[in-house]
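Numbering (this note's numbering), first residue to last: 25 to 160. Scroll down for the structure; my scribbles are underneath it.
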């Protein structure tokens, strides 16, 4: 099928009009911004002393969170062994993250309040309660 004069003129006019329109997308920037979805301003970054309760025992854990340009990073210290937090998100007054434990990959959710920290550590089909307080 050979292009007709009408098709050529229409395509040329459409291309010119499309190029003349400003871009609807904002220009990309090289810097990342920290996205914090919080109802009230509560300080997230700092150190926490937590207790994870298992059936037989309580495990004392230190958690350190730091705010960076790209978001939050964290470190969990259990009996001197360190494990970095991944996929750290702050939603409202809760911290959501993943961490490697000796039992495998686990998800930790911590809810912050003026009274302290509560939450859960979940791995496989096990959910353990977590409580504690912010120390810094």
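Backbone N, C-alpha and C define an ideal beta-carbon position, used for all residues, glycine too.
Item: Residue 119 and residue 99 closer than 8 Å at C-beta; Value: no
Item: Cβ-based burial, residue 112 [other Cβ within 10 Å; buried from 16]; Value: buried
Item: CB of residue 145 within 8 Å of CB of residue 152, strictly; Value: yes
Item: Collapsed DSSP secondary structure at residue 159 in the structure displayed; Value: coil
Item: Coarse secondary structure for residue 119, derived from DSSP in three states; Value: strand
Item: Environment of residue 104 [buried if 16+ CB atoms lie within 10 Å]; Value: exposed
Item: Burial state of residue 123 (16 or more Cβ within 10 Å); Value: buried
Item: Paired residues, beta bridge with residue 7 - DSSP; Value: Residue 7 lies beyond the range of the chain shown here (25 to 160); nothing can be said about it.
Item: Member of 101, 89, 77 and 67 whose CA lies at the smallest distance from the CA of residue 125; Value: 101
Item: N-terminal and C-terminal residue of the beta strand (DSSP E) that residue 83 is part of; Value: 82-92
Item: Sequence-distant residues of its chain with Cβ nearer than 6 Å to residue 155 (five each side left out); Value: 75 and 142
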